[in-house]
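Protein chains in written order, with the working numbering: chain A, 673 to 782; chain B, 22 to 135.
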């Protein structure tokens with residue numbers, strides 16, 4: 673993998689569903705992996721920054737894991753709510769450059 | 022409110038013109054990043070400054086330049102504008118620009134070139 677890739681591109685779930693998305697990145701020369709939440713008409717907001725292989729972080733119903741050896745991170749949302757609707761971005765820190773993936777657009781229907 | 026201020030919020034200008042976008046980082050943050058988001062594109066990294074010096078460079082066009090001033094605010098200068106330069110330009114700041122430091126984004130400047 674040469675770039676930061678996110679899947680799926682979009683996701684439509686019902687309120688109460690749990691969901692997860694994937695961020696894949698080059699595993700060589702890893703420094704840090706960031707997750708951001710980007711609501712329409714707002715600016716991206718940091719969720720997590722992870723640096724160590726095996727890191728797990730949690731904020732409320734949202735959690736993330738990191739595997740630096742195989743180059744992936746998962747973001748989980750438990751019991752999705754309509755207010756979780758947003759684009760979720762991951763970014764790999766490459767020596768100061770934050771390189772973003774294209775994002776996963778999540779839509780949660782009431 | 023992230024604490025990062027970008028001005029102006031909207032800018033409409035003609036092809037061939039030059040514009041300056043301004044960013045004031047969060048109080049105490051030394052590092053500033055600039056990103057471009059064009060239609061249907063993700064956030065494209067342009068350039069990073071740390072305490073007044075250029076630290077990292079992305080695919081920034083030669084027509085674009087940036088600087089960070091002693092008071093740590095930053096300006097992105099876009100010249101000889103083309104229609105394709107129409108985009109949302111974001112500035113972000115972080116405390117050190119270090120590996121595990123989260124970045125805080127401004128509200129963006131929407132540039133429209135006509």
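In this text, a Cβ means the ideal position worked out from N, Cα and C, and glycines have one as well.
Interface partners of residue i on chain A, CB under 7 Å
i: residue 54 of chain B; result: 770
i: residue 35 of chain B; result: Near residue 35 of chain B there are no residues of chain A at all, since even the closest Cβ is about 26 Å away, more than 7 Å.
i: residue 69 of chain B; result: 768 and 769
Range covered by the beta strand (DSSP E) that runs through residue i
i: residue 684 of chain A; result: 682-686
i: residue 769 of chain A; result: 769-772
i: residue 779 of chain A; result: 776-781
i: residue 39 of chain B; result: Careful: residue 39 of chain B lies outside any beta strand (DSSP E) and carries neither H nor E.
i: residue 763 of chain A; result: 758-766
i: residue 131 of chain B; result: 130-134
i: residue 27 of chain B; result: 26-28
Euclidean distance between Cα positions of residue i and residue j
i: residue 755 of chain A; j: residue 716 of chain A; result: 15 Å
i: residue 677 of chain A; j: residue 746 of chain A; result: 12 Å
i: residue 50 of chain B; j: residue 57 of chain B; result: 21 Å
i: residue 89 of chain B; j: residue 135 of chain B; result: 28 Å
i: residue 75 of chain B; j: residue 93 of chain B; result: 12 Å
i: residue 64 of chain B; j: residue 688 of chain A; result: 30 Å
i: residue 24 of chain B; j: residue 47 of chain B; result: 5 Å
i: residue 698 of chain A; j: residue 38 of chain B; result: 39 Å
i: residue 780 of chain A; j: residue 764 of chain A; result: 26 Å
i: residue 683 of chain A; j: residue 692 of chain A; result: 9 Å
i: residue 690 of chain A; j: residue 675 of chain A; result: 27 Å
i: residue 66 of chain B; j: residue 32 of chain B; result: 20 Å
Beta-carbon neighbours of residue i, restricted to chain B and to distances below 8 Å
i: residue 706 of chain A; result: 123 and 124
Within chain A, partners of residue i - CB distance below 8 Å
i: residue 23 of chain B; result: 715 and 717
Contacts of residue i in chain A (Cβ-Cβ under 9 Å)
i: residue 141 of chain B; result: In the structure as shown, chain B starts at 22 and stops at 135, and residue 141 of chain B therefore has no counterpart that could be examined.
Neighbour list for residue i in chain E, Cβ cutoff strictly below 8 Å
i: residue 63 of chain B; result: The structure shown has no chain E; the protein chains it does contain are A and B.
Neighbour list for residue i in chain B, Cβ cutoff strictly below 9 Å
i: residue 780 of chain A; result: Within 9 Å Cβ-Cβ: nothing; residue 780 of chain A doesn't reach chain B, min ~22 Å.
Exercise. For the segment 71-99 of chain B, enumerate the residues whose C-beta is nearer than 7 Å to any C-beta of chain A, in chain order.
Key: 76, 77 and 79
Quiz item: Which residues, in chain order, does the segment 679-701 of chain A contribute to contact with chain B at a C-beta distance below 9 Å?
Solution: none
Quiz item: What are the start and end residues of each continuous beta strand (DSSP E) run of 3 or more residues lying completely inside the segment 50-110 of chain B, in chain order?
Solution: 52-58, 65-71, 74-78, 85-89 and 95-99
Exercise. For the segment 679-747 of chain A, list the beta strand (DSSP E) runs that are entirely contained and at least 3 residues long, ordered along the chain.
Key: 682-686, 691-696, 704-710, 717-722, 728-731 and 734-739
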